[in-house]
Each structure stands twice: as C-alpha cells, then as structure tokens.
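Input: a single structure, listed below in structure tokens.
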Amino acid sequence: MGTTGECPTVSHEEHDRVIAEVVAVANGRVPVIAGTGSNSTAEALRLTRAAKEHGADACLVVCPYYNKPTQKGLYAHFKAVAEVGLPVVVYNIPGRTNVNLSPQTIAELYKLPNIVAIKESTGSLDQAMEIAALCDITILSGDDNLTLPLMAMGATGVISVLSNACEYPQQT
Numbered sequence: 324m325g326t327t328g329e330c331p332t333v334s335h336e337e338h339d340r341v342i343a344e345v346v347a348v349a350n351g352r353v354p355v356i357a358g359t360g361s362n363s364t365a366e367a368l369r370l371t372r373a374a375k376e377h378g379a380d381a382c383l384v385v386c387p388y389y390n391k392p393t394q395k396g397l398y399a400h401f402k403a404v405a406e407v408g409l410p411v412v413v414y415n416i417p418g419r420t421n422v423n424l425s426p427q428t429i430a431e432l433y434k435l436p437n438i439v440a441i442k443e444s445t446g447s448l449d450q451a452m453e454i455a456a457l458c459d460i461t462i463l464s465g466d467d468n469l470t471l472p473l474m475a476m477g478a479t480g481v482i483s484v485l486s487n488a489c490e491y492p493q494q495t
C-alpha cells in the first residue's frame, strides 16, 4: 500500500485489513512493505504501528507532504517512525510532496536503527549518486524510467509504479 495502492485514500480499517490479508496471502514467501506515510507524524506512527501489528515486514514512508517541513523536521519525522521498530524504506518524491529530502539528511537518517532503504524518486541521478557517496543505504529506484541508470550506478532494486498496471499470467 503505497501511493499507487491508494494508501492515503483508504480508511484505517481498510488499510489494516489490506495489510493483514496481504501478509496472510504472502505467507512469508515475499516481504510485505506497507505504505504508512502521512503528512502527520502522529498518523504515520499509527499506520506504522498497525502495519507492524498485522505482520508487515517493513514500511514505506513518504516525506510529509503539503506542510513543507525543514530538513530538521523531516529527520524528526522519520526518526519517530523508525522508533516503532519496523524497518523503514524512506520514500523521497518531491514532485508529489513538494519537499526534497537532502542527501545529507538521508545519510544522517541511515545512522538510525531501522532506516534500511531509500525509494529515490527525485528524477535526479546526481542526487542518487550523492546519496551513494555519503552512505551505504540501499537505494531503490522509484522512477521506472531511471531504474536502469540507477542500477548501473549502484541502486539495488526498484519499487515500480508500472508493475501495478502490468498483467501477469495466471497459473492454473
């Protein structure tokens, strides 16, 4: 449940039910990363605690949107979420949130327990290279068009938008 999965538009009950059902169906075969981001730290904490309670393996937390927090505010937000105890994939998508998490702040966040990866969706190879130069955080492409270039410079995977629209053959 990330942005494409309509995380910000569902009720708490729907959010919790989707996570619980996906965890049950995945049955440990694949990791479940639940979208638990919000523009409110209190709401992100509630969603992250619920995801942990329902068995998610990690959470995907977008930078708080609309409020335009400072880098210090962003750090405090992600630090609070990391303290829930679930591995955190930080989601940096300034085109949607109107705030960019700087490479320096990402490097500082990576020093915290439970900050495990960055979904890098800035569209900037320069920013991704700077992140890689500053710390060893796992970089995941969040921009389908830049997945190959990001992987060539050291990113280790992708959280794809397009994959939500692809049809996969059904096994019989």
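Quick note, my numbering runs 323 ahead of the 1-based positions in the sequence shown. Just so it is clear, CB atoms sit at the ideal spot from N, CA and C, and this is done for glycine as well.
In this structure, the CA atom of R352 is about 11 Å from the CA atom of D380. Scanning the region 377 to 429 from its first residue to its last, the whole beta strand (DSSP E) runs of 3-plus residues come out as 381 to 385, 411 to 415. Selection G408, L448, V422, I460 evaluated against E431 yields I460 as nearest (Cα-Cα). Between T364 and H335, the C-beta gap is not smaller than 8 Å, which leaves the two residues out of contact. Judged by DSSP in its simplified three-state form, V346 adopts helix. Annotation: the continuous beta strand (DSSP E) that includes T461 extends over 461 to 464. Where I454 is concerned, the enclosing alpha helix (DSSP H) starts and stops at 448 to 457.
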